[in-house]
Amino acid sequence: MTADAVSERASRTATRDGLRKSTILGGFAVLFLVTACLGAGLGALPIPVSHQFAILADSAGLGRLTDFTGAEEIVYLHVRLPRVALGALAGACLAGAGASLQGLFRNPLADPGLIGVSSGAALAVVAVIVGAGTLGAFLGAETVYFLRPVAAFLGGLAAVLLVYTIASRGGFVDVPTMLLAGVAVNAIAGAGIGYAIFASADQELRDINFWMLGSLAAATWDQVLWITVLAAGPLFLLLRLSHALNAFLLGEQEASYLGFDADKVKRIILFSAALMTGIIVAFTGMIGFVGLVVPHLIRLAFGPDHRLLIPASFLLGASLLVSADIAARLLVLPAELPIGIVTSLVGGPFFFWLLMRRRGGMMHA
209 MTADAVSERA
219 SRTATRDGLR
229 KSTILGGFAV
239 LFLVTACLGA
249 GLGALPIPVS
259 HQFAILADSA
269 GLGRLTDFTG
279 AEEIVYLHVR
289 LPRVALGALA
299 GACLAGAGAS
309 LQGLFRNPLA
319 DPGLIGVSSG
329 AALAVVAVIV
339 GAGTLGAFLG
349 AETVYFLRPV
359 AAFLGGLAAV
369 LLVYTIASRG
379 GFVDVPTMLL
389 AGVAVNAIAG
399 AGIGYAIFAS
409 ADQELRDINF
419 WMLGSLAAAT
429 WDQVLWITVL
439 AAGPLFLLLR
449 LSHALNAFLL
459 GEQEASYLGF
469 DADKVKRIIL
479 FSAALMTGII
489 VAFTGMIGFV
499 GLVVPHLIRL
509 AFGPDHRLLI
519 PASFLLGASL
529 LVSADIAARL
539 LVLPAELPIG
549 IVTSLVGGPF
559 FFWLLMRRRG
569 GMMHA
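Here the sequence shown is numbered in our numbering, starting from 209 and rising by one per residue.
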């Protein structure tokens with residue numbers, strides 16, 4: 209086969225792979241748009257899709273495409289839309305963090321919640337909530353509120369560094385040790401949170417309990433803006449590191465042989481995953497299993513190529529969490545389930561299935 213023929217064949221393969229990737233991501237994008245319309249339209253006050261587009265058009269100065277009520281406009285723009293946006297950002301960040309950690313650890317069981325990132329972030333946020341009165345006297349109440357993302361990032365980063373240090377040996381991450389270290393971090397963080405609950409005043413206790421269960425009910429455009437600004441960099445970095453994560457599937461030494469700075473890649477992924485998880489935990493509370501379920505489903509369906517896995521995880525994670533929020537709002541009307549309960553009800557059985565699947569594979573190996 210001539211060099212021209214080889215080049216032409218490689219070009220056709222690259223074109224076919226690019227078309228496949230674009231098609232899959234386009235499908236996930238459509239799924240997200242449908243889910244977002246449902247999330248913004250369903251509830252105690254139903255808002256048809258036509259009215260949603262009319263409200264957006266009127267807000268953009270394009271005129272009223274169709275009639276809608278003032279109540280629909282207020283609910284859509286100031287309640288439903290920021291809630292959908294917050295859920296989409298939270299799902300994208302948690303799923304992206306899970307996908308990147310699974311690629312780094314080379315194991316689908318890695319998840320921000322399972323290895324202690326979420327609980328480390330939660331402990332830091334609870335400490336800020338309990339100390340809000342004292343801190344507020346010096347810094348102001350609004351400043352203390354925005355200390356939550358900083359504290360959550362530092363807590364999540366400390367947890368992931370501790371787990372990685374314990375589980376890493378000679379450049380290889382021992383998965384059972386990683387999971388056990390995650391269990392230990394979760395237990396320690398849980399004990400710290402329990403003590404904070406025991407020592408807190410009534411208002412602090414209510415704040416902690418409401419926050420710990422996870423919810424998008426208090427979503428505001430300010431929160432959406434903060435998360436967008438803080439998460440944009442890590443999300444972009446994970447997309448840029450998709451080639452490096454593919455190389456990491458072969459091992460850290462092999463990735464170094466291929467020209468990647470393994471230590472630098474690890475630091476970026478750990479910092480990015482901790483930052484994204486910490487931001488979401490700070491504003492939404494504990495929402496588990498999104499980072500485990502989403503990347504694994506995509507990997508099962510489309511393979512382990514991170515050039516597809518990372519962006520697809522963003523889109524499917526956003527769709528999944530918005531869907532979970534819809535369920536949380538509609539299952540027990542007129543009340544509302546915490547979204548963390550919904551994701552745990554889905555993610556818990558999935559995790560059991562994943563463990564049994566891996567156990568069955570080991571038994572037949």
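All C-beta atoms in this analysis are idealised placements derived from N, C-alpha and C, irrespective of residue type, glycine included.
TODO: Taking the CB atoms as reference points, tell me whether Met386 and Phe313 lie closer together than 9 Å.
DONE: As a first step, residue 386 is located in the sequence shown; it is residue number 178 there, counting from the start. As a first step, residue 313 is located in the sequence shown; it is residue number 105 there, counting from the start. In this structure, Phe313 lies closer than 9 Å to Met386 by Cβ.
Task: Leu545 to Gly459 span [Cα, whole Å] - done: Your numbering for residue 545 matches position 337 in the sequence shown. Your numbering for residue 459 matches position 251 in the sequence shown. Going by the C-alpha atoms only, they are around 42 Å apart.
Task: Supposed close pair Met494, Gly548 - CB separation, criterion 8 Å - done: Locating residue 494 in the sequence shown gives position 286, counting from the first residue. Locating residue 548 in the sequence shown gives position 340, counting from the first residue. With 8 Å as the limit, Met494 and Gly548 qualify as a contact, their Cβ atoms being about 5 Å apart.
- [ ] Could you name the residues of the same chain whose beta carbon sits closer than 6 Å to that of Phe236, not counting the 5 residues immediately before and after it, in chain order?
- [x] Numbered from its first residue, the sequence shown carries residue 236 at position 28. Cβ neighbours of Phe236 beyond the five flanking positions: Ala520, Leu523 and Leu524.
- [ ] Go to Ala296, then tell me how far its alpha helix (DSSP H) extends in each direction, as first and last residue.
- [x] Translated into positions along the sequence shown, residue 296 becomes position 88. Here the alpha helix (DSSP H) through Ala296 covers Leu289 to Phe313.
TODO: Please report how far the alpha carbon of Leu250 lies from the alpha carbon of Ile534, in whole angstroms.
DONE: The residue labelled residue 250 in the question sits at position 42 within the sequence shown. The residue labelled residue 534 in the question sits at position 326 within the sequence shown. Rounded to the nearest angstrom, the two C-alpha atoms are 7 Å apart.
Open item on the list: Would the stretch 393 to 410 count as touching the stretch 326 to 337 if we require 3 or more Cβ pairs under 8 Å?
Closed with: Because the criterion of three Cβ pairs below 8 Å is met, the stretch 393 to 410 and the stretch 326 to 337 touch.
Open item on the list: By the three-class DSSP mapping on this structure, what secondary structure does Thr223 have?
Closed with: Against the sequence shown, residue 223 aligns to sequence position 15. Correct three-state label for Thr223: helix.
Task: First and last residue of the uninterrupted alpha helix (DSSP H) at Arg507 - done: As a first step, residue 507 must be located in the sequence shown, where it is residue number 299. DSSP places Arg507 inside the alpha helix (DSSP H), whose first and last residues are Val498 to Phe510.
Task: CB of Ile518 within 9 Å of CB of Leu562, strictly - done: Counted from its first residue, the sequence shown places residue 518 at position 310. Counted from its first residue, the sequence shown places residue 562 at position 354. No, these two residues do not count as a Cβ contact at 9 Å.
Task: Enclosing alpha helix (DSSP H) for Ile518 [first to last residue] - done: In the sequence shown, counting from the first residue as 1, residue 518 sits at position 310. In the DSSP assignment, Ile518 falls within the unbroken alpha helix (DSSP H) covering His514 to Leu538.
- [ ] For Arg565, decide whether its Cβ has a neighbour in chain C, counting only Cβ atoms nearer than 9 Å.
- [x] You won't find chain C in this structure, because it holds only one protein chain.
- [ ] Starting from the Cα of Val334, find the closest Cα among Ser480, Gly496 and Phe406 and give me that residue.
- [x] Here residue 334 corresponds to residue number 126 of the sequence shown, with the count starting at 1. Here the closest residue by C-alpha is Phe406.
- [ ] Taking 9 Å as the cut-off, decide whether the C-beta atoms of Leu331 and Leu529 are in contact.
- [x] If you number the sequence shown from 1, residue 331 lands on position 123. If you number the sequence shown from 1, residue 529 lands on position 321. The criterion of a C-beta distance shorter than 9 Å is not satisfied by Leu331 and Leu529.
TODO: Assign Asp319 to buried or exposed, taking buried as 16 or more other Cβ atoms, counted over all protein chains shown, within 10 Å of its Cβ.
DONE: Here residue 319 refers to the residue found at position 111 of the sequence shown. Within 10 angstroms of the beta-carbon of Asp319 lie 16 or more other beta-carbons, which makes it buried.
- [ ] Look at the Cβ atom of Gly422, then the Cβ atom of Leu322, and state whether they are nearer than 9 Å.
- [x] To locate residue 422, count along the sequence shown from 1; it is residue 214. To locate residue 322, count along the sequence shown from 1; it is residue 114. No.
Open item on the list: Tell me which residue opens and which closes the alpha helix (DSSP H) that Ser450 is part of.
Closed with: Working through the sequence shown from its first residue, we reach residue 450 at position 242. First-last of the alpha helix (DSSP H) with Ser450: Ser450 to Phe456.
Task: Any 3 or more C-beta pairs closer than 8 Å across the stretch 427 to 445 and the stretch 471 to 489 - done: Three or more Cβ pairs drawn from the stretch 427 to 445 and the stretch 471 to 489 lie within less than 8 Å of each other, which places the two stretches in contact.
Open item on the list: So the candidates are Val554, Gly311, Arg448 and Gly269; which of them puts its Cα closest to the Cα of Pro503?
Closed with: Against the sequence shown, residue 503 aligns to sequence position 295. Residue Gly311 is the option with its Cα nearest to Pro503.
Open item on the list: At the level of alpha carbons, what is the spacing between Thr269 and Leu365?
Closed with: Here the question's residue 269 lines up with position 61 in the sequence shown. Here the question's residue 365 lines up with position 157 in the sequence shown. In the sequence on display, residue 269 carries Gly and not Thr. So the two alpha carbons sit approximately 44 Å from each other.
Open item on the list: I'd like the list of long-range same chain contacts for Leu355, defined as Cβ closer than 6 Å, with 5 residues on each side in sequence excluded.
Closed with: In the sequence shown, residue 355 corresponds to position 147, counting from 1. Hits under 6 Å: Val336.
Task: Residue range of the alpha helix (DSSP H) that includes Asp266 - done: If you number the sequence shown from 1, residue 266 lands on position 58. For Asp266, the enclosing alpha helix (DSSP H) starts and ends at Val257 to Ser267.
TODO: Check each candidate in Thr551, Leu362 and Leu500 and name the one with the smallest Cα separation from Ala482.
DONE: For this step, residue 482 is matched to residue 274 along the sequence shown. The candidate whose alpha carbon is nearest that of Ala482 is Leu362.
Open item on the list: Taking the beta carbon of Gly247 as the centre, do at least 16 other beta carbons fall within 10 Å, making it buried, or is it exposed?
Closed with: Start at 1 with the first residue of the sequence shown, and residue 247 comes out as number 39. Buried is the call here.
Task: Check whether Ala427 and Arg291 have beta carbons under 9 Å apart - done: Residue numbering aside, residue 427 sits at position 219 when the sequence shown is read from its first letter. Residue numbering aside, residue 291 sits at position 83 when the sequence shown is read from its first letter. In this structure, Ala427 lies near Arg291, with their beta-carbon atoms less than 9 Å apart.
Open item on the list: Is the separation between the beta-carbon of Ala526 and that of Thr243 shorter than 9 Å?
Closed with: For the purposes of this step, residue 526 is taken as residue 318 along the sequence shown, with counting starting at 1. For the purposes of this step, residue 243 is taken as residue 35 along the sequence shown, with counting starting at 1. In contact: Ala526 and Thr243 (Cβ atoms closer than 9 Å).
- [ ] Compute the Euclidean distance between the alpha carbons of Leu446 and Ala470, then round it to the nearest angstrom.
- [x] Position 238 of the sequence shown, counting from 1, holds the residue named residue 446. Position 262 of the sequence shown, counting from 1, holds the residue named residue 470. Rounded to the nearest whole angstrom, the CA to CA distance from Leu446 to Ala470 is 14 Å.
Open item on the list: Suppose you measure from the CA of Trp429 to the CA of Arg288; what does that come to, to the nearest Å?
Closed with: Translated into positions along the sequence shown, residue 429 becomes position 221. Translated into positions along the sequence shown, residue 288 becomes position 80. Near 11 Å, if we compare the C-alpha coordinates of Arg288 and Trp429.
- [ ] Round the Cβ separation of Ala279 and Leu297 to the nearest angstrom and send it over; I've been treating them as touching at under 8 Å.
- [x] What you label residue 279 is simply residue 71 of the sequence shown in a count that begins at 1. What you label residue 297 is simply residue 89 of the sequence shown in a count that begins at 1. Wrong, their Cβ atoms sit about 26 Å apart, outside the cutoff.
Task: Contacting residues, own chain, Cβ-Cβ under 7 Å from Val371 (five flanking each side not counted) - done: Your numbering for residue 371 matches position 163 in the sequence shown. Exclusion of the five residues before and after Val371 leaves Ile323, Gly324, Met386, Ala389, Gly390 and Val393 as the residues of its chain whose Cβ lies within less than 7 Å of its Cβ.
Open item on the list: If you reduce the DSSP assignment to three classes, tell me which class Ser408 lands in.
Closed with: Here residue 408 corresponds to residue number 200 of the sequence shown, with the count starting at 1. Here Ser408 sits in coil by DSSP.
Open item on the list: Can you give me the C-alpha to C-alpha distance between Ser450 and Val473, rounded to a whole angstrom?
Closed with: Residue numbering aside, residue 450 sits at position 242 when the sequence shown is read from its first letter. Residue numbering aside, residue 473 sits at position 265 when the sequence shown is read from its first letter. Answer to the nearest angstrom: the Cα atoms are 10 Å apart.
Task: Alpha-carbon spacing of Ser464 relative to Leu500, whole angstroms - done: Within the sequence shown, residue 464 is the residue found at index 256, counting from 1. Within the sequence shown, residue 500 is the residue found at index 292, counting from 1. Rounded to whole angstroms, Ser464 to Leu500 spans 27 Å at the Cα level.
Task: Residue nearest to Ile282 in terms of C-alpha spacing, selected from Ala293, Leu294, Thr274 and Ser267 - done: By 1-based counting over the sequence shown, the position of residue 282 is 74. The alpha carbon of Ile282 has as its nearest neighbour, out of Ala293, Leu294, Thr274 and Ser267, the alpha carbon of Ser267.
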